[in-house]
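Taking it in order: structure first as structure tokens, then the write-up.
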């Protein structure tokens, strides 16, 4: 039965224990599995100095001497270690061996870079620039002539596998390149036209403001027209009736 000890109140000579005394102390405090694992890993420095096959044989013998519970514990630790180990990363480096390889490499990277600086334009060889790659004395040379008539020589990398395109990228970022100016101007026109077609008219509707006295004026006009209509519709009395009325008054 494992004895529970207070790790903050250990015996004074615990740091002086060695060999079997130390492992017995660990077995008493932590358990058999932990003690056996430490015992297997005791000679770590020696294991690192020993050849791999020799260490595997020694480890196998020690594992056979351990109880099954300890072996299962070691297997679990090995699985955890294998999961947490960082895998090695293999770097793939492009290497151009022929003139066509270099041409393909340069064209692909210029197309990728053009997607970063333009909205929709993809720079194509033969239309936006002229690319010349030659091989002389086992050395490749590359030259680019831009549509703006600017000419640039591309340097090779130190390992001579591919050309460096930073010179041409810098040229494309220069505001003096007439081709870049034209492309950006055309793309801006397209964006502006699209915005004008999509954005609705924001002009406010016309509002007619009535004058304060308009209602009174309309009312007076209607009353006047009504009186005129009444006067016109009432018939005038005959002349004989008028004469009798005058004689009666006399």
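Residue numbers (full-length UniProt numbering): 1 to 250. From the three backbone atoms N, C-alpha and C, an ideal C-beta is built for every residue, glycine too.
- Residue 115 is positioned such that its CB atom lies closer than 8 Å to that of residue 122.
- Uninterrupted alpha helix (DSSP H) stretches at least 4 residues long and entirely within the region 89 to 172 occur at 99 to 117 and 166 to 172, given in chain order.
- Residue 176 carries a coil assignment under DSSP once its states are collapsed to helix, strand and coil.
- Distances from the CA of residue 155 to each of 165, 147, 149 and 138 were compared; the closest alpha carbon is that of 165.
- Spatial neighbours of residue 107 in its own chain (CB-CB distance under 6 Å, excluding positions within 5 residues in sequence) are listed in chain order as 125.
- In terms of Cβ geometry, residue 152 and residue 167 form a close pair [threshold 8 Å].
- Around the C-beta of residue 36, 16 or more other C-beta atoms lie within 10 Å, and the residue is accordingly described as buried.
- In the structure shown, residue 17 falls within a coil segment according to DSSP collapsed to helix, strand and coil.
- Residue 141 and residue 109 have their C-alpha atoms some 17 Å from each other.
- With a threshold of 16 other beta carbon atoms within 10 Å, residue 39 meets it and is buried.
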